[in-house]
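Q:
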Amino acid sequence: LIQLYIPLNFLGVLYRELRQSLTDIERMFGLMHQHREVADAPDALALLPGPASVYFEHVGFAYDPKRVILHDVDFAIPAGRTVAVVGHSGSGKSTLARLLYRFYDVQQGAIRVNGHDLRALTQTSLRQAIGIVPQDTVLFNDTLFYNIQYGRPDASRAEVEAAARAAQLIDFIARLPDGWETRVGERGLKLSGGEKQRVAIARALLKNPAILIFDEATSALDSKTEKAIQAQLDLAAEGRTALVIAHRLSTIMNADEIIVLDQGRIVERGTHAELLARGADYARMWALQQQEREEAQLEDSSP
Ligand code: ATP
305 LIQLYIPLNF
315 LGVLYRELRQ
325 SLTDIERMFG
335 LMHQHREVAD
345 APDALALLPG
355 PASVYFEHVG
365 FAYDPKRVIL
375 HDVDFAIPAG
385 RTVAVVGHSG
395 SGKSTLARLL
405 YRFYDVQQGA
415 IRVNGHDLRA
425 LTQTSLRQAI
435 GIVPQDTVLF
445 NDTLFYNIQY
455 GRPDASRAEV
465 EAAARAAQLI
475 DFIARLPDGW
485 ETRVGERGLK
495 LSGGEKQRVA
505 IARALLKNPA
515 ILIFDEATSA
525 LDSKTEKAIQ
535 AQLDLAAEGR
545 TALVIAHRLS
555 TIMNADEIIV
565 LDQGRIVERG
575 THAELLARGA
585 DYARMWALQQ
595 QEREEAQLED
605 SSP
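Numbering (UniProt numbering), first residue to last: 305 to 607.
#1: Which residues neighbour the ligand ATP when neighbourhood means a C-beta less than 5 Å away from any of its non-hydrogen atoms? List them by chain order.
#2: In the DSSP assignment, find the alpha helix (DSSP H) that holds residue 582 and state where it starts and stops.
#3: Could you check if residue 558 is buried or exposed, using at least 16 other CB atoms within 10 Å of its CB as the buried criterion?
#4: Express the C-alpha separation of residue 368 and residue 513 in angstroms, rounding to a whole number.
#5: Specify, as a first and last residue, the run of the alpha helix (DSSP H) that residue 501 falls within.
#6: Tell me, to the nearest whole angstrom, how far the beta carbon of residue 452 is from that of residue 510; I am working on the premise that it is less than 8 Å.
#7: Short check: CB of residue 541 to CB of residue 516, under 7 Å?
#8: Could you give the uninterrupted runs of the alpha helix (DSSP H) lying entirely in the stretch 427-478, keeping only those of 4 residues or more?
#9: Going by the CB atoms, is the gap between residue 546 and residue 640 shorter than 7 Å?
#10: Anyone know if the C-beta pair for residue 377 and residue 389 falls short of 7 Å?
#11: Kindly indicate which residue of 528, 467, 578 has the alpha-carbon position closest to the one of residue 601.
#12: By DSSP, does residue 367 sit in helix, in strand, or in coil?
#13: If I follow the unbroken alpha helix (DSSP H) through residue 610, where does it start and stop?
#14: Taking C-alpha atoms, which residue in 476, 482, 483, 481 lies nearest to residue 500?
#15: Determine the contact status of residue 365 and residue 411, defining contact as a CB-CB distance below 7 Å.
#16: Within the chosen definition, does the stretch 476-486 reach the stretch 444-459 through at least 3 CB pairs nearer than 8 Å?
#17: List the residues that DSSP assigns as beta-bridge partners of residue 359.
#18: What is the rounded straight-line gap between the Cα of residue 379 and the Cα of residue 490?
#19: Just curious, the beta strand (DSSP E) that residue 548 is in, first and last residue?
#20: Would the beta-carbon of residue 505 fall within 7 Å of that of residue 471?
#21: Nearest to residue 614 by alpha carbon, out of 403, 480, 474?
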């Protein structure tokens, strides 16, 4: 019986590992169960490597035809520039990211990369060009090394270490008793939100994509962590075309353009300074966040 038990037990472990990875991938893209498959056109082109411009051209989109989520959304991100999207919860920010990664096709208008409609490109070449720093990074039940190398599985040890250094993870790893071999994930060491985000940045740097989607975590952060995230974002976006979904306006003050979405419509756009000067929605959001920050600082300093 023992002879039978060992292989069965091994199979059980293998099955759990496999299920865990599948769940992680689903969670990573926030898809869970339902999504429509998109397919490559028979004559689909491969997107060539190199700098990439992105254009959301009068995009209209609905997950369910009875409820339109995006209305005539029109903006461009020139190659190497950063556009940030802000807006209330449910305004459609993450939907823009899902459409750029082509999890769904738009129903009106088009999304173009270097002038090519996404529907005319192979999905593999498109997804190779895009790196995602998600809101909640998925960690696999494996070593830290594996978790970073996951950004590009054929990367060498030296490349993985360089990415970790750039994402400011090296000191953290050096302090761990098992270093790179530390197991993380649900059954290993639990990383803080900031550490997880740095793992995601190291993965993205390793992939070296022309386009970066940075989906900022929603959880409240102290102003020191907020500054660190801003620095990380600037680092990851440098030299790339970046779409940033922002919750804290202080992290996107340097964006080339800020788009304010409300119920799937662009209601304001401009640089941070231009939007403050307009004194409308963005300026109100900014004032509110400044006030919250001051209150948090007062609380911190009270005895
Ligand atoms: P948050 O800041 O809370 O992340 P968001 O601005 O990113 O919000 P989206 O996630 O883009 O908002 O969602 C926009 C709208 O689309 C929401 O009303 C949401 O309920 C709806 N939605 C999102 N995903 C799906 C889906 N798979 N099927 C149907 N509706 C969806």
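Note that the Cβ used here is the ideal one computed from N, Cα and C, for glycine as well.
This one's a predicted model, so the numbers in the text were calculated from it and none came from an experiment.
A: Taking the structure as given:
#1: 367, 373, 393, 394, 395, 396, 397, 398, 399
#2: Here residue 582 refers to the residue found at position 278 of the sequence shown. Note, residue 582: alpha helix (DSSP H), 576-582.
#3: By one-based count along the sequence shown, residue 558 stands at place 254. With fewer than 16 other Cβ atoms within 10 Å, it is exposed.
#4: For the purposes of this step, residue 513 is taken as the residue at position 209 of the sequence shown. For the purposes of this step, residue 368 is taken as the residue at position 64 of the sequence shown. Near 31 Å, if we compare the C-alpha coordinates of residue 368 and residue 513.
#5: Within the sequence shown, residue 501 is the residue found at index 197, counting from 1. Taken as a continuous stretch (DSSP letters only), the alpha helix (DSSP H) holding residue 501 covers 497-511.
#6: As a working note, residue 452 is residue 148 in the sequence shown. As a working note, residue 510 is residue 206 in the sequence shown. 7 Å between Cβ atoms; contact.
#7: On the sequence shown, position 237 is the one that residue 541 refers to. On the sequence shown, position 212 is the one that residue 516 refers to. Yes, they are a contact pair.
#8: 427-432, 448-453, 461-470
#9: Outside the shown range of the chain (305 to 607) lies residue 640, about which nothing can therefore be said.
#10: Reading the sequence shown from its first residue, position 73 is the one you call residue 377. Reading the sequence shown from its first residue, position 85 is the one you call residue 389. Against a cut-off of 7 Å, the Cβ pair of residue 389 and residue 377 comes out as no contact.
#11: Taking the first residue of the sequence shown as 1, we reach residue 601 at position 297. Ranking 528, 467, 578 by Cα distance to residue 601 puts 528 first.
#12: Position 63 of the sequence shown, counting from 1, holds the residue named residue 367. If DSSP states are grouped into helix, strand and coil, residue 367 belongs with coil.
#13: Missing from the structure shown is residue 610; the chain here goes from 305 to 607 and no further.
#14: As a first step, residue 500 is located in the sequence shown; it is residue number 196 there, counting from the start. Comparing Cα positions, the closest option is 476.
#15: Start at 1 with the first residue of the sequence shown, and residue 365 comes out as number 61. Start at 1 with the first residue of the sequence shown, and residue 411 comes out as number 107. Going by C-beta atoms, residue 365 is nearer than 7 Å to residue 411.
#16: yes
#17: Taking the sequence shown and counting its residues from 1, the one referred to as residue 359 is at position 55. Paired residue(s): 380, 416.
#18: As a first step, residue 379 must be located in the sequence shown, where it is residue number 75. As a first step, residue 490 must be located in the sequence shown, where it is residue number 186. In a straight line, the C-alpha of residue 379 is about 39 Å away from that of residue 490.
#19: Against the sequence shown, residue 548 aligns to sequence position 244. Segment 545-549, the beta strand (DSSP E) holding residue 548.
#20: Taking the first residue of the sequence shown as 1, we reach residue 505 at position 201. Taking the first residue of the sequence shown as 1, we reach residue 471 at position 167. The answer is yes: Cβ separation under 7 Å.
#21: The question about residue 614 has no answer here: the residues shown for the chain are numbered 305 through 607.
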